[in-house]
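J.: In order, the protein sequence lines correspond to chains F and L.
To get this note's numbering, take the position in the first sequence, counting from 1, and add 20.
To get this note's numbering, take the position in the second sequence, counting from 1, and add 20.
Glycine residues also receive a C-beta, built at the ideal position from the N, C-alpha and C atoms.
Number of protein chains: 2
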Amino acid sequence: MSRSGARPTLAVVGATGAVGAVMLRILSHRADVWGEIRLVASPRSAGRKLAVRGEEVEVVALSEEAFDGVDVAMFDVPDDIAERWAPIAAAKGVVVIDNSGAFRLDPEVPLVVPEVNAHAVRQRPRGIIASPHCTTLSMIVALGALHAEYGLRELVVSTYQAVSGAGRAGVDTLRRQLSLVAGTELGTNPGDVRRAVGEGTGPFPEPVALNVVPWAGSVRADGWSSDEMQLRDETRKILGLAKLPVAVTCVRVPVVTAHALTVHARFQGEVTVAGAREIIATAPGVVLFDNPEAGEFPTPVDVVGTDPTWVGRVRRSLDDPTALELFVCGDNLRKGAALNTAQIAELVAAERA
Amino acid sequence: MSRSGARPTLAVVGATGAVGAVMLRILSHRADVWGEIRLVASPRSAGRKLAVRGEEVEVVALSEEAFDGVDVAMFDVPDDIAERWAPIAAAKGVVVIDNSGAFRLDPEVPLVVPEVNAHAVRQRPRGIIASPHCTTLSMIVALGALHAEYGLRELVVSTYQAVSGAGRAGVDTLRRQLSLVAGTELGTNPGDVRRAVGEGTGPFPEPVALNVVPWAGSVRADGWSSDEMQLRDETRKILGLAKLPVAVTCVRVPVVTAHALTVHARFQGEVTVAGAREIIATAPGVVLFDNPEAGEFPTPVDVVGTDPTWVGRVRRSLDDPTALELFVCGDNLRKGAALNTAQIAELVAAERA
Chain F
21 MSRSGARPTL
31 AVVGATGAVG
41 AVMLRILSHR
51 ADVWGEIRLV
61 ASPRSAGRKL
71 AVRGEEVEVV
81 ALSEEAFDGV
91 DVAMFDVPDD
101 IAERWAPIAA
111 AKGVVVIDNS
121 GAFRLDPEVP
131 LVVPEVNAHA
141 VRQRPRGIIA
151 SPHCTTLSMI
161 VALGALHAEY
171 GLRELVVSTY
181 QAVSGAGRAG
191 VDTLRRQLSL
201 VAGTELGTNP
211 GDVRRAVGEG
221 TGPFPEPVAL
231 NVVPWAGSVR
241 ADGWSSDEMQ
251 LRDETRKILG
261 LAKLPVAVTC
271 VRVPVVTAHA
281 LTVHARFQGE
291 VTVAGAREII
301 ATAPGVVLFD
311 NPEAGEFPTP
321 VDVVGTDPTW
331 VGRVRRSLDD
341 PTALELFVCG
351 DNLRKGAALN
361 TAQIAELVAA
371 ERA
Chain L
21 MSRSGARPTL
31 AVVGATGAVG
41 AVMLRILSHR
51 ADVWGEIRLV
61 ASPRSAGRKL
71 AVRGEEVEVV
81 ALSEEAFDGV
91 DVAMFDVPDD
101 IAERWAPIAA
111 AKGVVVIDNS
121 GAFRLDPEVP
131 LVVPEVNAHA
141 VRQRPRGIIA
151 SPHCTTLSMI
161 VALGALHAEY
171 GLRELVVSTY
181 QAVSGAGRAG
191 VDTLRRQLSL
201 VAGTELGTNP
211 GDVRRAVGEG
221 TGPFPEPVAL
231 NVVPWAGSVR
241 ADGWSSDEMQ
251 LRDETRKILG
261 LAKLPVAVTC
271 VRVPVVTAHA
281 LTVHARFQGE
291 VTVAGAREII
301 ATAPGVVLFD
311 NPEAGEFPTP
321 VDVVGTDPTW
331 VGRVRRSLDD
341 PTALELFVCG
351 DNLRKGAALN
361 TAQIAELVAA
371 ERA
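#1: Can a CB atom of chain L be found closer than 8 Å to the CB of F:Ser22?
#2: From what residue to what residue does the beta strand (DSSP E) around L:His279 run?
#3: Drop a sphere of 10 angstroms on the beta-carbon of F:His167, count the other beta-carbons inside from all chains shown, and report buried for 16 or more, exposed for fewer.
#4: Does F:Gly332 get closer than 8 Å to chain L when you measure Cβ to Cβ?
#5: Compare the C-alpha of L:Gly289 against each of L:His279, L:Val324 and L:Ala343 and name the closest.
#6: Where do the N-terminal and C-terminal ends of the beta strand (DSSP E) with L:Leu59 fall, by residue?
#7: Could you run through the region 191-216 of chain F and flag, in chain order, every residue whose CB is less than 7 Å away from some CB of chain L?
#8: Is DSSP giving F:Thr179 helix, strand or coil here?
#9: What does a CB cutoff of less than 6 Å around L:Ala102 pick up in its chain, not counting 5 residues either side in sequence?
#10: Quick one: what's L:Trp330 bridged to in DSSP?
#11: Counting only C-beta atoms, is L:Asp322 closer than 8 Å to chain B at any point?
#12: Going by C-alpha to C-alpha distance, which of L:Ala262, L:Leu264, L:Asp351 and L:Val331 sits closest to L:Met43?
#13: Looking at C-beta atoms only, is the number of pairs between the region 314-326 of chain L and the region 243-255 of chain F that lie closer than 8 Å three or more?
#14: How would you label L:Asp100, buried or exposed, when you count the other beta carbons within 10 angstroms and need 16 or more for buried?
#15: Pairing CB atoms from the region 219-238 of chain F with CB atoms from the region 130-141 of chain F, are three or more of them under 8 Å?
#16: Report the neighbours of F:Tyr180 on chain L: residues whose CB is nearer than 7 Å to its CB, in chain order.
#17: Enumerate in chain order the residues of its own chain whose CB-to-CB distance from F:Val98 is below 7 Å, with the five nearest sequence positions on each side excluded.
#18: Would a check of beta-carbon distances place F:Arg285 closer than 8 Å to chain L?
#19: Could one say the Cβ of L:Val266 lies closer than 8 Å to chain F's Cβ atoms, at least one of them?
#20: Figure out for me which residue from F:Gly187, F:Val307 and F:Val334 has the closest Cα to the Cα of F:Thr326.
#21: Below 7 Å between beta carbons is the criterion; list the residues of the region 300-329 of chain F that meet it against any residue of chain L, in chain order.
#22: In chain order, what residues of the same chain have a beta carbon less than 6 Å from the beta carbon of L:Thr29, not counting five sequence neighbours either side?
#23: Within 8 Å of any Cβ in chain L, is that where the Cβ of F:Leu172 sits?
#24: For L:Phe347, which residues in chain F fall below 8 Å Cβ to Cβ?
#25: Please list the segments of the alpha helix (DSSP H) lying wholly inside the region 211-237 of chain F, counting only runs of 4 or more residues, in order along the chain.
#26: Determine the chain F residues that contact L:Asp339 at a beta-carbon separation under 9 Å, and present them in chain order.
#27: Check the DSSP bridge columns for L:Met94 and list the partner residues they point to.
#28: Rounded to a whole number of angstroms, what is the C-alpha to C-alpha distance between F:Thr302 and F:Ser151?
#29: Who are the Cβ neighbours of F:Ser22 in its own chain at under 6 Å, not counting the five residues just before and after it?
#30: Does any CB atom of chain L fall closer than 8 Å to the CB of F:Val60?
#31: Residues in its own chain within less than 6 Å of L:Ala362 by CB, not counting five upstream and five downstream?
#32: Below 8 Å on C-beta distance, what does F:Thr277 contact in chain L?
#33: Just to confirm, is the Cβ distance from L:Pro223 to L:Thr193 under 8 Å?
#34: Do F:Ile148 and F:Ala110 have their C-beta atoms within less than 8 Å of each other?
#35: In the DSSP assignment, what residue or residues form a beta bridge with F:Glu78?
#36: To the nearest angstrom, how far is the alpha carbon of F:Gln181 from that of L:Val201?
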């Protein structure tokens, strides 16, 4: 932050995307720390007007000049665009907060979740700070609080990932497929859903309506998906546990927005349900919602549009007094993307105060 | 089996239910070992005619006389009906194969999966043999094969359970909810799906369309659900591993039929992916379908209506050379219920040969 005095100027790069739209709503509702908010997108979106903080703002094309006078830039763009443009902005003195996968595992780029490792934001030799993948973010605030108290030793995670994690094309694909299968008897005979939805599986390798698809991301070595590797590697980096064993299987489900995860977490010593519940209930950014007898546990349709990480089904493993079972749910577009980026940007803005 | 010579008489008790309907289709297509097939149901269904083996058969009311001359009876009825009527049939010399939860953990009742523990069928002091819960059955054939080779030490399981596991009411509820939300923009704002489906959550505690619900079954001690406890206890009994650590979270998903599960399985020594794949590929009743680069992994819409347990996403855990990650999928009404019961009945019939 080279400039001081006036409120900092913020650039939102990728303002017209799915996460960008959520970002503009978040910026309109949070305590306002920004001077100018500049909206940046691809040249074909330049000239569009979008509402933020109750004002119409014209979108400017991504270029070196777009960063003139900018203090902080939030990037919500594909990996290759971030990889090219974040260093250009950083070279102009802009602090870049990047929500792509381009820099998350770069040892010179901190990977920040404000509730867990806010301190890491100040070590940024490249001028770039990364925000984690939505799947990691949907569980890490709750896990970070439990780790701080109990000391994490091992994780086994399964995901129930919403289609909006694959962007607008993911949402459009589910909606189109649902309109083809709703009101039918489909789903009880082999292949009938596949025939109904035809070739239109969009960003998914299989039909996602009336189905679950055990794949998210691209192919990595030894049969792993990129979402699985990211969840393991990012969790290790954020918690500072370089050798934490993490086993994970990522599965896409026909939910529009809000990721859910089952978590089997083993700690250094014995845990109690009462202790775990108190940690979860008092951790910032986390809500305990756990009373099965009253039908209370978090589900995506109730969590969508909210900021916290919701935790339910808190149990101590029946056969291991050092392990907990949890069901965790969070909005993948808010805390899973835009909100965490905005929180990091606010930490940077606060450095000036 | 007191009678010999003629082909045995089979009674299907609960012939008019969701599993009963699948049972009649299965009996019509498998190698036919039965003499008479008698269809039994509640008095209000008596007189209905149902097709089996290409013939119309009149349903008779459940009564002591309904078991006259019967050698083997398959029960697909609620727990309380099974608890009352299975001993009555057994007292008349009928071998009862029960698909309810009433007898599964009774030490004097074997819990049988023919591919895994066919031998157990002969120890039946009460004349009753139990078939496992659909969730257990959706994974146990694959796990049994891996256990026979590697020796299982620990399981962590998460489920993706189809609505037909809650019977016809479950399927009707999903279909009704889908018709209310399909073609809308619902799913991106808090509570909009809940408002659209109203109070009609059927057998589920929350809306199941566009949602996942971390609950299946009834409330047990310490926050566990009955489906979770059953999966643990039945797996231990079938595999003969009384102290196997099993951690499980059961989740309902908006799929009509075919349960899926993620499995983290730890064994006595090091495992290899090549070895695991060969075991899975050659095990009876199991299909290996595992080539992510070609988009090949099992999903419910492809597995529904088929007999085997499908296994994909076979990986060795990155941080534990003794553990495997799997994604397993099976038709909860076929192998998960009717087919396993029919297979056990055929084992009993073969005792006469």
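T.: So, from the listed chains and residues:
#1: Low confidence applies to F:Ser22: its pLDDT is 45, below 50, so where it sits in the model is not reliable enough to give any reading.
#2: His279 to Phe287
#3: buried
#4: yes
#5: L:Ala343
#6: Ile57 to Ala61
#7: Leu198, Ser199, Ala202, Gly203, Gly207, Thr208, Asn209, Pro210, Gly211, Val213 and Arg214
#8: strand
#9: Phe95, Asp118, Ser120 and Ala122
#10: L:Trp330 pairs with L:Val307 and L:Cys349.
#11: Looking for chain B here will not work: the only protein chains present are F and L.
#12: L:Asp351
#13: Contact between the region 314-326 of chain L and the region 243-255 of chain F is absent, because fewer than three Cβ pairs lie under 8 Å.
#14: exposed
#15: Short answer: they don't touch.
#16: Val232 and Val271
#17: A quick correction: the sequence has Pro, not Val, at residue 98 of chain F. Cβ-Cβ distances below 7 Å link F:Pro98 to Ser120 in the same chain, with the five nearest sequence neighbours on each side left out; the list follows chain order.
#18: It is worth fixing the name first, because residue 285 of chain F is Ala in this sequence and not Arg. Not an interface residue.
#19: yes
#20: F:Val307
#21: Pro312, Glu313, Gly315, Phe317, Thr319, Pro320, Val321, Asp322, Val324, Gly325 and Thr326
#22: Gly55, Glu56, Gly89, Val90 and Asp91
#23: no
#24: Pro234, Thr269 and Val271
#25: 212-217
#26: Glu174, Arg252, Lys263, Leu264, Pro265, Val266 and Ala267
#27: L:Val32 and L:Ile117
#28: If I take the Cα positions, the gap works out to 24 Å.
#29: Low per-residue confidence applies at F:Ser22: pLDDT is 45, beneath 50, and the placement is therefore not dependable enough to give any value.
#30: no
#31: Ile46
#32: Gly207 and Thr208
#33: Contact: yes.
#34: yes
#35: F:Lys69
#36: About 19 Å.
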